[in-house]
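Read the structure below first, then the notes.
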Amino acid sequence: MWYALVDCNNFYASCEKVCNPSLAKRPVVVLSNNDGNVIARCPLAKALGIEMGAPFHRCTNIIQKHNVAVFSSNYALYGDMSRRVMDTLATCAPYVEVYSIDEAFLLHDVPHAEAQHYALSVRQKVMQWTGIPVSVGMGATKTLAKLANHIAKKRTDSGVFVLSGDSYCQSLLEAIDIAEVWGIGRRYERMLQSHGIYNVWQLINADDSFIKKKMTVVGLRTVYELRGIPCIGWEDAPPPKKTIVSSRSFGRQVESLHELDQAAAHYSAIAAGKLRTQHCAAGAVTVFVSTNPFKNEPQYSCSATVVLDMHSAYTPDIIAAAHTALCSIYRQGYRYKKVGIMLTDIIPYQELSPTLFMHMDNYEKRYRLMQALDSVNRQHGRGTVYFASEGVVQPWSMRRKYLSPRYTTHWNEIPVVR
DNA sequence: TCTGGGGTCCTAGGACCC
DNA sequence: TCTGGGGTCCTAGGACCC
0 MWYALVDCNN FYASCEKVCN PSLAKRPVVV LSNNDGNVIA RCPLAKALGI EMGAPFHRCT
60 NIIQKHNVAV FSSNYALYGD MSRRVMDTLA TCAPYVEVYS IDEAFLLHDV PHAEAQHYAL
120 SVRQKVMQWT GIPVSVGMGA TKTLAKLANH IAKKRTDSGV FVLSGDSYCQ SLLEAIDIAE
180 VWGIGRRYER MLQSHGIYNV WQLINADDSF IKKKMTVVGL RTVYELRGIP CIGWEDAPPP
240 KKTIVSSRSF GRQVESLHEL DQAAAHYSAI AAGKLRTQHC AAGAVTVFVS TNPFKNEPQY
300 SCSATVVLDM HSAYTPDIIA AAHTALCSIY RQGYRYKKVG IMLTDIIPYQ ELSPTLFMHM
360 DNYEKRYRLM QALDSVNRQH GRGTVYFASE GVVQPWSMRR KYLSPRYTTH WNEIPVVR
């Protein structure tokens, strides 16, 4: 059995290019929410030296000088393009695990001699069907497939790499830094280096008890996986979330409780919607607020949790709890940058039980109302129907100055060929 | 003017139980 | 000298991922 990791190259930038051919030869960058940082760059933009994560306002010179095309994050577009890529991958292998918006693992039984050819065929098919370039890495475990993908990304000629047989060798693995391994973050990188472990080959040959002591069983699993022993399970369907968070920085700083409350209601509605899509209810609502830590002014951040009388996925319940929590932590005189909602103690609908205070018919009514709300917003776009407490004007909403059209999800914004 | 958002898992230690 | 043995649950903190 082979694990393959398929990773879309510069995914957000690629999505913008697919839908707008005039960008083909222009450097493209995509910004984070609020147009804060650069979070995706096409190869041309990378070549200009624009760093991943760089604050946008520090890149304006280079952007102007080289006529770089800039886009705000357009999740309506990226989410839909992701679905198309994943649908394509589903035709390439019997088992597909969607790992993130731009990555998926495939599990497939391919003869060793045909692995390279298979990887190339996956890449070619996704390109032909969606226009998105991908890299494909293959190996005996997920971690090796990830590592192979890292190598594939550097093979701009083929875009694929099979890590096994002759390629699973000391010289190749010695040339790869441990930081490239899935599961080795900054802290572990530094710790391992301080013990003389710098490259993947050294990590593979490290002492088990040392790894376990310093990196727990999680780290030991990583090392086993590098040795070709699968330790990380396969997930056919994403497990339901145990916590759901909805939070954004404001487009400008907010001082009034009224505006914070609107934003809290808005994020409550988003979080409750996510809760219902996984057929679950939450037992507690946490609200957190914070000022802008980058500003030299009085700082305040705090959170409060309200435990619900009974588990709920009913948006008004969540909004009410968020309101109570927010009022308990709000302090006047600060310039707030952010508010967020977290839902916890999440259980599936089946485990809900009616209490003395909630008769079943009332429960049914609320359930049907939320279904109607979700269905309208699914068909006509998020925000078609919303709660008045979310605010009509939403002056605090995030900046998205460079937003591209929702090319693939809105009839009015569909690309036109002349 | 200006610095993202959303998750999971593991461990240690304390409270509490019989 | 020496202070039972075994278990669960919860939380905070630390690590990682995209």
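Position 358 of the first sequence, counting from 1, maps to 357 under numbering that gives the first Met the number 0, and the rest follow consecutively. From the three backbone atoms N, C-alpha and C, an ideal C-beta is built for every residue, glycine too. What you are looking at is a predicted structure, and each value in this text was computed from that prediction instead of being measured.
Out of His149, Asn19, Ala39, Gly78, point me to the one whose CA is closest to Thr408's CA.
With distances taken between Cα atoms, Thr408 lies closest to Gly78.
Buried or exposed: Pro26, going by 16 or more other Cβ atoms within 10 Å of its Cβ?
Label assigned to Pro26: buried.
Please classify Ala484 as buried or exposed, where buried requires at least 16 neighbouring CB atoms within 10 angstroms.
This structure gives no information on residue 484, because the portion of the chain shown stretches from 0 to 417.
What's the C-alpha gap between Ser72 and Asp360?
Rounded to the nearest whole angstrom, the CA to CA distance from Ser72 to Asp360 is 42 Å.
Could you check what DSSP says for Glu96 in three-state terms: helix, strand or coil?
If DSSP states are grouped into helix, strand and coil, Glu96 belongs with the strands.
Going by DSSP, which residues form a beta bridge with Leu4?
For Leu4, which the question treats as bridged, DSSP gives the partners Phe104, Gly136.
Limits of the beta strand (DSSP E) - the one that Thr290 falls within:
Residues 279–290.
Where do the N-terminal and C-terminal ends of the alpha helix (DSSP H) with Thr59 fall, by residue?
Counting along the chain, the alpha helix (DSSP H) containing Thr59 begins and ends at 59–64.
Cα-Cα separation, Tyr187 to Met214
For Tyr187 and Met214, the distance between alpha carbons rounds to 8 Å.
Run through DSSP, which three-state label would Tyr335 get?
For Tyr335, the secondary structure class from DSSP, reduced to helix, strand or coil, is strand.
So is Ile131 buried or exposed if we call it buried at 16+ other beta carbons inside 10 Å?
In this structure Ile131 is buried. Its beta-carbon is surrounded by 16 or more other beta-carbon atoms within 10 angstroms.
Is the beta carbon of Gly138 less than 9 Å from the beta carbon of Trp1?
Yes; because the gap between Cβ atoms is below 9 Å, this pair is in contact.
Can you have a look at Leu368 and say buried or exposed, based on whether 16 or more other CB atoms are within 10 angstroms of its CB?
By the C-beta density criterion, Leu368 is exposed, having fewer than 16 other C-beta atoms within 10 angstroms.
Which residues in the same chain as Lys145 place their Cβ atom closer than 7 Å to its Cβ, once the five residues preceding and following it in sequence are excluded?
Here the set comprises Leu4, Gly136, Trp181.
Is any heavy atom of the ligand NAD found at a distance shorter than 8 Å from the C-beta of Ser72?
By its list of ligands, the structure shown contains no ligand whatsoever, and the ligand NAD lies outside what it can speak to.
Compute the Euclidean distance between the alpha carbons of Val284 and Met341, then round it to the nearest angstrom.
Using only the alpha carbons, I get a separation of about 6 Å.
What is the rounded straight-line gap between the Cα of Asn204 and the Cα of Val217?
Asn204 and Val217 have their C-alpha atoms some 17 Å from each other.
Run the CB neighbour count on Met51, radius 10 Å, all protein chains shown included, and call it buried at 16 or more, exposed below.
Met51 should be labelled exposed.
Under the assumption that Leu372 contacts Val384 (Cβ atoms under 8 Å), give the Cβ distance between them as a whole number of angstroms.
Contact flag correct, Cβ pair sits at about 6 Å.
The beta strand (DSSP E) spanning Gly48 covers which residue range?
No beta strand (DSSP E) holds Gly48; DSSP gives it neither H nor E.
Considering Cα atoms alone, identify which of Val305, Ser81, Asn36 is closest to Thr59.
Thr59 has its Cα closest to that of Asn36, out of Val305, Ser81, Asn36.
Decide if Lys141 is buried, meaning its Cβ has at least 16 other Cβ atoms within 10 Å, or exposed.
Within a 10 Å sphere around the beta-carbon of Lys141 sit 16 or more other beta-carbons, which makes this residue buried.
Candidates Val375, Gly382, Val306, Tyr335, of which the one nearest Gln298 by Cα
Among Val375, Gly382, Val306, Tyr335, the Cα nearest to that of Gln298 is on Tyr335.
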